[in-house]
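Everything on this sheet refers to the single structure shown next.
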Amino acid sequence: MPQATLFAPVAGPFSPWEPGALPLVVFFAIVVGLLAVILFLSGFLVRRRPTPEKQRPYECGILPTGDARFRYPVPFFLMAVFFLLFDVETAYLIAYAAAWPELALPGYLRMAVFILVLGFGLAYAWAKGGLDWTEEEGL
Amino acid sequence: MSGTLDTLFSPTDAVINWARSNSLWPFFFGLSCCFVEEATAWGPRYDIARFGSEVFRGSPRQADVLIVSGTMFKKIAPVALRLYEQMSDPKWVVSMGSCSNSGGMYDVYSVVQGTDQILPVDVYIPGCPPRPEAVFDGLLLLQKKIRAGEKPTRPVLHLPGGCEGGRADHLLDGVSKSRDTRGPGYAGIPIRGTAATEPRFWGSRTEVMWTPPAARISLRPDQQAVAADLAAAFGDAVAPAPDAADMPTYAVDPERIADVLAHLKHAAPTRFERLEDLTAIDETARRNRPDHDATAVYTLTSLSTPGMVRLTCPLPDRDAALPTATGVWPSAGWYEREAAEMFGIRFTGHPDPRRLLTHRDWPGHPLRKDYEGRATGMAPFTREDCARLEPVDAREILGPRADAGDYLLNFGPHHYATHGIFRYVLAMRGERIRALGMDIGYHHRGVEKIGERQTWHQFIPYTDRVDYLSGIANNLSYVTAVETLAGIAVPPRAAYARVMLSELFRLSNHLMFFGTFLQDLGMMSPIFYALREREMVLDIIETITGGRLHPSWLRIGGMAADLPEGWKDMVDAFVRIFPVRLREYHAGVTKNPIVRARCRGVGAISAAEAVDWGITGPNLRATGVAWDRRKTMPYGAYGDFDFDVPTRTAGDCYARYLVRMDEMEQSLRIVEQAANRMPGGRHLSEDARYSLPQKADSLKDIESLIHHFVNVTRGPRLPPGQAYAATEAPRGEQGYHVVSDGGASAYRMRIRTPGFANIQAMPLLAEGLRVADFVAVLASYDYILPDIDR
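As given, the protein sequences belong to chains A and B, one line each in that order.
Each residue of the first sequence is one higher than the one before, starting from 1 at the first, in my numbering.
Each residue of the second sequence is one higher than the one before, starting from 1 at the first, in my numbering.
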């Protein structure tokens, strides 16, 4: 019966199995070099011909009225944050559901605490009107 | 040394040019009709992706080819110039279509006679409109130009010399271009008018031709009751006109006009619920000069007892004032603003008396008879004029309501979702529209002015372009008005063919609606299906007429030629296939939950408001009003056909969509009936006084040849009088009010378009919505720019 060959990592200066400073330095140099080339080329090859009209904000071909820097309500942003939050919760729940037989009661209790905390958060956001799409009170 | 470098760079030049020419990214910039063909080039069957240019960019920053597709209006020119300058370098300009090349058929005060006067044009595509294949031809020509003429390596490497991008100079009238309509070389000879232009040719035989008097109507009992009621209520202030050709007409004392209108709306035995049209006539150049200088004309429609009435207000001079009708009908707002800017008359008490179609600083009143109608008669439009006619500030358009939101946003004139050059001004708070202002006239082609100088026949091609997706349906409104005035009988074969062609155009239009509506809602695929079917319709149209968008196929008293061989097979094939395709559409879209969520309850308007604002067409029927002129006041041969009038009651985006989908089914029914029952016989009226003789006849007998010659050259002379005829065009009721003073061309050509009235009510639908919903409302509303601005 042939002997199973053991895995023998190649030894050498750049072996990933022998961490050292040199590969890191070389890698870093390559990254910096590549970045420099890309940045230089994209700066050099682009001919910038700025004119006042070209520098102006585009608003359907019309001169914009007023300044673009002011405070305005962004209900969509709140929605997006909540979505992210509960999206993460779903990710945990799916993992939990898959591991349900092993986790049993202790797992259930831990998960319940987690969901309760999130539930309180949801109730709080709801009560504060975070789920209402109101432009009027966003400021 | 330089020669060596050039040799060295020639391979890199070739590589860069190859890359650039095969990935030209056109700017999503459409001005008018031509853009429909440009967009068709992007769709199935043509597929511009074969040439690497399918990426139409919405922002000038990402585009490198500006295809100026359509008419360069003086009001949009400053915007076009700015968008061009905001494009990234290197960039090229393609001028698409006759209008953009030279002004084309629109030698009129509001149109720049050639894009090249303000933009550096590299390639010209001829045609009106050019076919999609012609777009490719232009694109290939530009690619060839880039490959042959550009040496981009030096500019790319920051070396002196070399060249890239299109030409940089624009043309100057009298120096590098000529606006002479006769072509170059005639500069020494003064331009004179054609037979139909002012100043008149004295002694023209048009003046001595006799015509029978205009048609007369006799009043129906309900119309007699209205006459008696008006006489009782207003006495001498309302005088019935004796010679009405189309509808009861009353001359009203200008002081009492608002009272009379209110009476007819609320108290008369027949209630006239809709202000159909409001315009004016400059009387100072009539052959038989009346004792007043101007006339204001009000046309009303009764929906409860189908019928119409016209009120005329004689005004002592063209600057006279009369009371506003905005208190009676809110829709009078725009109509009065238009009449005021076009004629100079004033409406006292008007809430917003600014100019509507022309720029704030526009001099003069274009529809006055002494106003120069031709652009070639005016000073050439230059880049300096662009600075002078810079679109007004958003704040000015919204007026005091500009402060309703936190900031002002210009939505258009150049925007994907505005379906043409239309400028909305939104006063926003967050995502919510608090106030909506509209600035129109960017697409004002002065077609009413042109109508006064073209002969009755010559004007037909202009009608095609009033609603450039509805082709022959436009012809129909115009020729019906002329036929009403002169009392011309249309032979049955022509009447049926007109119905069939109009309905085919309704299908073509609604298919375009279906595709663009869903694309604006974010669905990419439906437009490809819709364009596929639309090409089938256009193939039929092309077989019959030889044209696609603008066949100009109808003639006074009939149509240009008989139906060709093989038309029936094509129509039959389409009638067989289309219901299957329509089911596909419904399966894929109508029940789609996202479409429903985006459309249901969005942008609703009530039936009462819709009638009050003069909304017509599918938009009106979506509110539950079963009013369709083809049914309620049949014209042409429509009385012979069996079809239903689809309605919905919700008045929202979804209802508007469903009504149009159902209308396609009904149109198909009409097409099928018309094709199966197509009568034989003549395709042009025998009344050779007005109609062209059939071409075959004019090749055989001298009488027909003479009539053909006379009617084609100086044109028929119509009896003095006026007539209004409206048809149910795909977008709503389109009416032509033709006024004749007994000449070879109209004395006044008024076009009542559905879009103008429909869009005026937009703030009712849109205020309070989010921007994304606003896009859905615009798409579901199905308007088109020349139909609004004319």
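In this text, a Cβ means the ideal position worked out from N, Cα and C, and glycines have one as well.
#1: In the DSSP assignment, the beta strand (DSSP E) including M378 of chain B goes from what residue to what residue?
#2: Give the straight-line distance between the Cα atoms of K265 of chain B and F574 of chain B, rounded to the nearest whole angstrom.
#3: Buried or exposed, going by whether 16 or more other CB atoms sit within 10 Å of the CB of S42 of chain A?
#4: Should L22 of chain A be flagged as near chain B, meaning a C-beta pair shorter than 8 Å?
#5: Quick one: grab the DSSP three-state call for K151 of chain B.
#6: Which first and last residues belong to the beta strand (DSSP E) in which M438 of chain B is found?
#7: 8 Å is my cut-off, CB to CB: does R47 of chain A come that close to chain B?
#8: What are the boundary residues of the alpha helix (DSSP H) that A597 of chain B is part of?
#9: Enumerate in chain order the residues of its own chain whose CB-to-CB distance from G451 of chain B is below 6 Å, with the five nearest sequence positions on each side excluded.
#10: Would you kindly report the start and end of the unbroken beta strand (DSSP E) that includes W362 of chain B?
#11: Is there a Cβ of chain B sitting closer than 8 Å to that of P50 of chain A, yes or no?
#12: Apart from the five residues on each side of it in sequence, which residues of its chain come closer than 7 Å, Cβ to Cβ, to R167 of chain B?
#13: Going along chain A in order, which residues have a C-beta closer than 8 Å to the C-beta of R61 of chain B?
#14: Could you work out which residues of chain A lie near E85 of chain B, taking near to mean beta carbons separated by less than 8 Å?
#15: Could you check the C-alpha separation between A195 of chain B and A696 of chain B for me, to the nearest Å?
#16: What residues match up with F411 of chain B in a beta bridge as DSSP calls it?
#17: Any chance the stretch 512-532 of chain B sits against the stretch 476-489 of chain B, with 3 or more Cβ pairs inside 8 Å?
#18: Grab the span of the beta strand (DSSP E) containing R465 of chain B for me, first residue to last.
#19: What three-state label does DSSP hand A196 of chain B in the structure shown?
#20: Check whether the Cβ atoms of I125 of chain B and G138 of chain B lie closer than 8 Å to each other.
#21: If A729 of chain B sits next to S470 of chain B, beta carbons under 8 Å apart, how far is it from one beta carbon to the other, in whole angstroms?
#22: By DSSP, does E733 of chain B sit in helix, in strand, or in coil?
#23: Using a Cβ-Cβ distance under 8 Å, would F643 of chain B count as near chain A?
#24: Which term fits V208 of chain B, buried or exposed, when burial requires 16 or more other beta carbons within 10 angstroms of its beta carbon?
#25: Scan the stretch 65-93 of chain A for residues whose Cβ lies nearer than 7 Å to a Cβ of chain B and list them as they occur along the chain.
#26: Is the beta carbon of F343 of chain B sitting closer than 8 Å to the one on L322 of chain B?
#27: Going by DSSP in three states, F73 of chain B sits in which element: helix, strand or coil?
#28: Once the 5 residues before and after R717 of chain B are set aside, which same chain residues still bring their CB inside 7 Å of it?
#29: In whole angstroms, give me the CA-to-CA distance for V94 of chain B and D361 of chain B.
#30: Does V79 of chain B get closer than 8 Å to chain A when you measure Cβ to Cβ?
#31: What are the residues in the stretch 373-396 of chain B lying within 8 Å of chain A by C-beta distance?
#32: Compare the C-beta of G61 of chain A with all C-beta atoms of chain B and state if any pair is closer than 8 Å.
#33: Please state the DSSP three-state secondary structure of M523 of chain B.
#34: Considering just the uninterrupted stretch of the alpha helix (DSSP H) at P106 of chain A, what are its terminal residues?
#35: Could you check whether E37 of chain B and P129 of chain B sit closer than 8 Å to each other, using their CB atoms as the reference points?
#36: Counting only the same chain and skipping the five closest in sequence on each side, list residues whose C-beta sits under 6 Å from that of A404 of chain B.
Judging by the given coordinates:
#1: Here M378 of chain B belongs to no beta strand (DSSP E), and DSSP marks it neither H nor E.
#2: 45 Å
#3: exposed
#4: no
#5: strand
#6: R432 to D439
#7: yes
#8: P593 to C599
#9: F459, A746 and M749
#10: Unbroken run through W362 of chain B: none, as it is neither H nor E.
#11: no
#12: P120 and D122
#13: Y58
#14: T51, E53 and K54
#15: With a pLDDT of only 44 at A195 of chain B, under the threshold of 50, the placement of this residue in the model should not be trusted; the figure read from the coordinates follows. Distance between the alpha carbons of A195 of chain B and A696 of chain B is about 27 Å.
#16: B:Y424
#17: no
#18: Segment: none, R465 of chain B is in no beta strand (DSSP E) and carries neither H nor E.
#19: Its pLDDT being 48, under 50, A196 of chain B is placed unreliably in this model, and the value from its coordinates should be taken loosely. Here A196 of chain B sits in coil by DSSP.
#20: yes
#21: 6 Å
#22: strand
#23: no
#24: exposed
#25: T65, G66, F70, Y72, P73, V74, P75 and F76
#26: no
#27: strand
#28: T206, M209, T211, G742, G743 and A744
#29: 30 Å
#30: yes
#31: E390, P391, D393, A394 and R395
#32: yes
#33: coil
#34: W100 to A127
#35: yes
#36: A427, R434 and A435
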